[in-house]
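Enquirer: There's a structure below that I have some questions on.
Protein chains: 2
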Amino acid sequence: MTNLPAGVFSPVLTPFHEDLTPDRERFVALCQKLIDEGCDGLVPFGTTSEANSLSIEEREDLLEALVEGGMDAGGLIVGTGLAAIPDTVRLTRHAVGLGCAGVLMLPPFYYKGMSDEGLFAAYAEVIERVADDRLRVYLYHIPKVSGVAITPGLIGKLRDAFPDTVIGIKDSSGDWDNTRMLLEDFPGLQVFPGSELIMLDAMRLGAVGCITATANVNAQGLARLYAGWKEEGAEALQEAASSVRRAVQSQAMVPALKAIIARRDGDDGWLTLRPPFVGLDESQTNALFAALEEAGF
Amino acid sequence: MTNLPAGVFSPVLTPFHEDLTPDRERFVALCQKLIDEGCDGLVPFGTTSEANSLSIEEREDLLEALVEGGMDAGGLIVGTGLAAIPDTVRLTRHAVGLGCAGVLMLPPFYYKGMSDEGLFAAYAEVIERVADDRLRVYLYHIPKVSGVAITPGLIGKLRDAFPDTVIGIKDSSGDWDNTRMLLEDFPGLQVFPGSELIMLDAMRLGAVGCITATANVNAQGLARLYAGWKEEGAEALQEAASSVRRAVQSQAMVPALKAIIARRDGDDGWLTLRPPFVGLDESQTNALFAALEEAGF
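Order-wise, the sequence lines are chains S and G. Mind the numbering: the first sequence is residues 158 to 454 in the numbering used here, read in order. Mind the numbering: the second sequence is residues 158 to 454 in the numbering used here, read in order.
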C-alpha cells in the first residue's frame with residue numbers, strides 16, 4: 158500500500174467543440190498544464206467534468222487520449238460510477254486496464270432511498286465482475302448532487318469485505334462534521350475532502366490531500382497549501398486558497414471555471430458547456446471577475 | 158394527431174436471470190400477458206422497470222425481443238431519457254426506428270438545480286439530433302426519484318418550440334395539484350398520471366389514461382376502471398383499484414410487484430432484482446400479502 162495517490166487532485170473540466178463533441182486537444186492540454194502547475198494528479202470525469210453528460214464511449218476516448226498523450230496513468234483517479242452496474246464495470250475495467258491509480262466511484266444514483274445493503278450489493282457486484290487485483294476504489298460521497306449518500310455503515314461493510322480494494326473516499330458533502338467523522342472513525346481510509354475550504358483542518362486529522370474543482374484554475378495556490386500545511390504560515394496559505402474558492406463559487410461552479418479559463422487563455426472555445434449546463438450571462442460573468450479581483454486572484 | 162396512445166399503460170417490470178442478466182423470455186411473456194389482461198399499451202423502461210439499472214445495449218436488446226416477439230410497436234411508449242445527451246439520442250432513435258408510438262423522456266438527471274433554460278436546451282438538442290418526424294415525446298416528471306422537476310415553464314417552452322413532438326407528460330409527482338395544473342393549463346397536452354389513486358379525478362379533467370406500476374399485477378382492475386370511468390359505479394371501480402394500490406405500496410414498490418408475480422406464477426425467478434434494489438424479507442413479504450388479502454386482491 159505504498160505510493161498511494163496523495164496531494165492536490167483536479168477533477169478536470171471537459172472542453173467541448175461548438176458541436177458539443179468533446180475536444181481531445183484542449184482536454185489533454187489542460188491536463189498537462191495542471192500537472193505542470195503543481196497538481197499531484199487528476200480526476201478525469203468527476204462532477205465538475207460534466208462527466209455525467211458524457212457517453213461511455215466519449216469517456217473512454219478522452220482517457221485514451223490522455224494516456225496516449227503521455228500522462229502518467231499512475232496519477233489518475235478516474236470517475237467510473239454510473240447508474241447501471243454493467244456500465245460501471247465497463248468503465249472501471251477500462252481505467253484499470255490503462256494502469257490508472259484508482260477509480261472514483263459514485264453509487265448507483267438514479268434510484269433514491271436504497272438501503273446500505275442494496276448499495277453494498279451494487280459495489281460488490283462491480284468489484285467482483287471487474288475481478289482485477291489492481292483495482293483501487295475511492296467512494297464518491299456527493300449527496301447533494303447524486304442524491305445517494307455513502308453512509309458510515311456502507312463504508313464499514315465495504316472496508317470489511319474489500320479492505321485492499323475500497324481504500325478511500327472523496328467527501329464532497331460540504332459538511333466538516335462528516336469529513337471529521339471519516340478521518341476519526343475509519344483509520345487507514347484515504348480521505349480526500351472535496352473542497353479546499355477545510356483542507357488544512359482535514360490534513361491535520363490525516364486527510365491525504367484534496368480533490369477540488371478549483372484546482373482547474375488555482376493549482377498553484379493549492380499546491381502551495383499542500384506543500385506548506387505543516388509549516389508556519391499555513392493559515393495564510395489556507396486563507397488565500399479559500400478566498401479564491403469563495404469567489405469562484407459565488408457563481409455556478411462549472412460555468413465559472415470555464416469562464417475563468419476562457420478569459421485567462423483568450424480562448425472562447427472554453428465557454429461551451431453541454432446542456433443541461435448553461436454559461437454565465439454577462440452580469441454573472443462580471444460579478445465573477447469582480448469577486449476574483451477582490452480576492453486578489 | 159389521431160390514434161394517440163390512451164388508456165392503461167404498464168411500465169413493465171424487467172425480469173433477470175440469477176446472474177443478473179435480463180431475461181428476454183420472461184419479459185416478452187409478461188408483456189404479452191399484460192396486453193391480454195387489458196392493458197392498452199406498455200412502457201418498457203420506466204422507473205418501475207429498473208431501467209436505470211440497465212445498460213443501453215440491454216435496453217435495445219429487450220425492446221427488439223419484444224417487437225420481434227410480435228408486440229405491436231404502436232402500443233409502446235419507451236423510456237429513453239438518460240443523463241447524457243448522446244445516450245438519450247441513441248435510445249430514442251432506436252425506439253423511433255422500431256416504430257414505437259412514443260418515448261418517455263426523463264430530463265438529464267444527474268446534475269441538480271439546473272435552469273429551465275438548460276433543461277430546455279438538453280431536450281431540444283435530443284429532438285434536433287434525432288431529427289425524425291415520427292418522434293413523439295412524453296416528458297417524465299418524477300422529481301422524488303430523478304431529482305429534476307419538469308416545471309410549467311419548461312413545458313411551455315417545449316410546447317412552443319416543438320408542438321408536434323412534445324405531446325405529453327407522465328406526472329409521477331404524486332401531487333394532485335400538479336396533475337390538475339397540467340390538465341387545466343396545458344390544453345392538448347396528453348397527460349398520464351403516474352398513479353391510479355387519482356385516475357378518475359384526472360380522467361374527468363381530460364387525462365388520457367394512466368401509466369402505473371401496479372398495472373403489472375392489476376391490469377384487469379385498471380382496465381375495468383378505464384372502461385367504466387364515465388359510467389355509474391365508477392367510484393366503486395376507483396376504490397377497488399386504489400385499495401390494491403395502497404396494499405402494494407405498503408412495501409417497496411418494485412420488490413413488492415416482483416414478489417406478487419413470483420407467487421402468482423409459482424416462479425421464484427421473478428424474485429431477482431438488480432442492485433441497488435433488494436428483495437423483500439420474509440416479514441415484509443408476509444405483510445404485503447396480508448395487506449393484499451385485506452384489500453380483497
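Idealized CB from N, CA, C, for every residue including glycine.
Less than 8 angstroms between the CB atoms is what I'm expecting for G/A404 and G/A452, so what's the real figure, rounded?
Expert: The count along the second sequence starts at 1 and reaches residue 404 of chain G at position 247. The count along the second sequence starts at 1 and reaches residue 452 of chain G at position 295. With 8 angstroms as the limit, G/A404 and G/A452 qualify as a contact, their Cβ atoms being about 4 angstroms apart.
Enquirer: Say whether chain G places a C-beta atom closer than 7 angstroms to the C-beta of S/L211.
Expert: Taking the first sequence and counting its residues from 1, the one referred to as residue 211 of chain S is at position 54. Yes, contact with chain G.
Enquirer: For G/S137, does the count of other Cβ atoms within 10 angstroms reach 16, so buried, or fall short, so exposed?
Expert: Given that chain G is displayed from residue 158 to residue 454, the structure contains no residue 137 of chain G and the question cannot be resolved.
Enquirer: Just to confirm before moving on: does the CB-CB distance between G/I234 and G/G195 stay below 7 angstroms?
Expert: Position 77 of the second sequence, counted from the first residue, corresponds to residue 234 of chain G. Position 38 of the second sequence, counted from the first residue, corresponds to residue 195 of chain G. Cβ distance not < 7 angstroms, so G/I234 and G/G195 don't count as in contact.
Enquirer: Who are the neighbours of S/V435 on chain G, taking C-beta pairs under 7 angstroms?
Expert: The sequence position of residue 435 of chain S within the first sequence is 278, counting from 1. Ordered by position in chain G, the residues that pass the 7 angstroms Cβ test against S/V435 are S272, E274, G275 and A278.
Enquirer: Mapping DSSP to helix, strand and coil, what is G/I476?
Expert: Missing from the structure shown is residue 476 of chain G; chain G here goes from 158 to 454 and no further.
Enquirer: Is it right to say S/S212 is buried, meaning 16 or more other beta carbons lie within 10 angstroms of its own, or is it exposed?
Expert: Start at 1 with the first residue of the first sequence, and residue 212 of chain S comes out as number 55. S/S212 should be labelled buried.
Enquirer: Provide the residue span of the alpha helix (DSSP H) that contains S/S400, from first to last.
Expert: Your numbering for residue 400 of chain S matches position 243 in the first sequence. Residues A391 to V405.
Enquirer: List the residues of chain S that G/D244 touches, going by C-beta distances under 7 angstroms, in chain order.
Expert: For this step, residue 244 of chain G is matched to residue 87 along the second sequence. Correct list: S212.
Enquirer: Hey, would you say S/L430 sits closer than 7 angstroms to S/G436, going by beta carbons?
Expert: As a position in the first sequence, residue 430 of chain S is number 273, starting the count at 1. As a position in the first sequence, residue 436 of chain S is number 279, starting the count at 1. Cβ atoms of S/L430 and S/G436: closer than 7 angstroms.
Enquirer: Nearest-angstrom Cα distance between S/Q406 and S/A370?
Expert: Looking up residue 406 of chain S in the first sequence gives position 249. Looking up residue 370 of chain S in the first sequence gives position 213. When rounded, the distance between both Cα atoms is 10 angstroms.
Enquirer: Just tell me which of G/A376, G/A241 and G/D332 has its CA closest to the CA of S/L177.
Expert: Within the first sequence, numbered from 1, the residue matching residue 177 of chain S stands at position 20. Minimum Cα distance to S/L177 is reached at G/A241.
Enquirer: The stretch 290-317 of chain G: which residues have C-beta closer than 9 angstroms to a C-beta of chain S, in chain order?
Expert: Answer set for the stretch 290-317 of chain G: K301, V302, S303, G304 and V305.
Enquirer: Taking only beta carbons into account, state which residues of the stretch 410-434 of chain S come closer than 7 angstroms to chain G, listed in chain order.
Expert: Taking 7 angstroms as the Cβ-Cβ cut-off against chain G, the residues of the stretch 410-434 of chain S that qualify are R431, P432, P433 and F434.
Enquirer: Exposed or buried, what is S/D317 when buried is set at 16 or more other beta-carbons lying within 10 Å of its beta-carbon?
Expert: Counting from 1 along the first sequence, the entry for residue 317 of chain S is found at position 160. Exposed.
Enquirer: With contact counted as at least three CB pairs below 8 angstroms, one residue from each stretch, are the stretch 198-211 of chain G and the stretch 224-238 of chain G in contact?
Expert: Contact between the stretch 198-211 of chain G and the stretch 224-238 of chain G is present, because at least three Cβ pairs lie under 8 angstroms.
Enquirer: Contact criterion: CB-CB distance below 7 angstroms. Does S/A240 meet it with respect to chain G?
Expert: Looking up residue 240 of chain S in the first sequence gives position 83. Interface residue, yes.
Enquirer: For G/G203, count neighbouring C-beta atoms within 10 Å of its own C-beta (all shown protein chains included) and say buried if the count is 16 or more, exposed if not.
Expert: Walking along the second sequence from the start, residue 203 of chain G turns up at place 46. G/G203 comes out buried.
Enquirer: Are the beta-carbon atoms of S/G227 and S/M262 separated by less than 7 angstroms?
Expert: Taking the first residue of the first sequence as position 1, residue 227 of chain S is located at position 70. Taking the first residue of the first sequence as position 1, residue 262 of chain S is located at position 105. Their beta carbons are not under 7 angstroms apart, which means S/G227 does not touch S/M262 by this criterion.
Enquirer: Could you say if the stretch 244-255 of chain G and the stretch 215-222 of chain G meet the contact criterion of at least three C-beta pairs nearer than 8 angstroms?
Expert: Cβ pair count under 8 angstroms is three or more, so yes.
Enquirer: With a cut-off of 7 angstroms, does the C-beta of G/K269 fall near any C-beta of chain S?
Expert: Numbered from 1 along the second sequence, position 112 holds the residue referred to as residue 269 of chain G. Interface residue, yes.
Enquirer: Quick check: what's the CA-CA separation for S/Y268 versus S/G385?
Expert: Translated into the one-based positions of the first sequence, residue 268 of chain S becomes position 111. Translated into the one-based positions of the first sequence, residue 385 of chain S becomes position 228. If you take the alpha carbons of S/Y268 and S/G385, they lie about 42 angstroms apart.
Enquirer: Can you list the residues of chain S that G/E282 reaches, using a CB-CB cut of under 8 angstroms?
Expert: Translated into positions along the second sequence, residue 282 of chain G becomes position 125. Near G/E282 (Cβ distances below 8 angstroms), the residues of chain S are L177 and P432.
Enquirer: Closer than 9 angstroms by beta-carbon distance: list the chain G residues that pair up with S/E215, in chain order.
Expert: Counting from one through the first sequence, the residue named residue 215 of chain S turns up at place 58. Those within 9 angstroms of S/E215 in chain G are A241 and P243.
Enquirer: Mind listing, in chain order, the continuous alpha helix (DSSP H) runs of no fewer than 4 residues lying wholly within the stretch 253-335 of chain S?
Expert: Runs of the alpha helix (DSSP H) inside the stretch 253-335 of chain S: 273-287, 300-303 and 309-318.
Enquirer: Along the stretch 183-202 of chain G, what residues have a CB closer than 7 angstroms to any CB found in chain S?
Expert: The residues in question: there are none.
Enquirer: DSSP three-state label for G/S210, please.
Expert: As a working note, residue 210 of chain G is residue 53 in the second sequence. Helix at G/S210.
Enquirer: Roughly how many whole angstroms lie between the Cα atoms of G/P265 and S/E389?
Expert: Within the second sequence, numbered from 1, the residue matching residue 265 of chain G stands at position 108. Within the first sequence, numbered from 1, the residue matching residue 389 of chain S stands at position 232. In a straight line, the C-alpha of G/P265 is about 47 angstroms away from that of S/E389.
Enquirer: Under DSSP, the beta strand (DSSP E) around G/G164 begins and ends at which residues?
Expert: Counting from one through the second sequence, the residue named residue 164 of chain G turns up at place 7. G164 to V169 is the span of the beta strand (DSSP E), which, as asked, contains G/G164.
Enquirer: Quick one: Cα of S/E396 to Cα of S/P432, how far?
Expert: Within the first sequence, numbered from 1, the residue matching residue 396 of chain S stands at position 239. Within the first sequence, numbered from 1, the residue matching residue 432 of chain S stands at position 275. So the two alpha carbons sit approximately 34 angstroms from each other.
Enquirer: Would you mind giving the Cβ-Cβ distance between S/P309 and S/D342, rounded to the nearest angstrom? I have them listed as a contact below 8 angstroms.
Expert: As a working mapping, residue 309 of chain S is identified with position 152 in the first sequence. As a working mapping, residue 342 of chain S is identified with position 185 in the first sequence. Yes, they are in contact, since the Cβ atoms of S/P309 and S/D342 sit about 6 angstroms apart, within 8 angstroms.
Enquirer: Can you check whether the CB of S/V165 is closer than 7 angstroms to the CB of S/L380?
Expert: For the purposes of this step, residue 380 of chain S is taken as residue 223 along the first sequence, with counting starting at 1. For the purposes of this step, residue 165 of chain S is taken as residue 8 along the first sequence, with counting starting at 1. The question names Leu, yet the displayed sequence has Ala at residue 380 of chain S. Contact: yes.
Enquirer: Which of the three DSSP states is assigned to G/V374 in this structure?
Expert: For this step, residue 374 of chain G is matched to residue 217 along the second sequence. Of the three classes helix, strand and coil, the one that applies to G/V374 here is helix, per DSSP.
Enquirer: Quick check on S/G226: does DSSP put it in helix, strand or coil?
Expert: Here residue 226 of chain S corresponds to residue number 69 of the first sequence, with the count starting at 1. DSSP places S/G226 in coil when its eight states are reduced to three.
Enquirer: Excluding the 5 residues flanking S/R286 on each side, which residues of the same chain have their C-beta closer than 7 angstroms to its C-beta?
Expert: Your numbering for residue 286 of chain S matches position 129 in the first sequence. So the qualifying residues of the chain are V246.
Enquirer: What is the rounded straight-line gap between the Cα of G/A306 and the Cα of G/Y280?
Expert: The residue labelled residue 306 of chain G in the question sits at position 149 within the second sequence. The residue labelled residue 280 of chain G in the question sits at position 123 within the second sequence. Cα-Cα distance, rounded: 13 angstroms.
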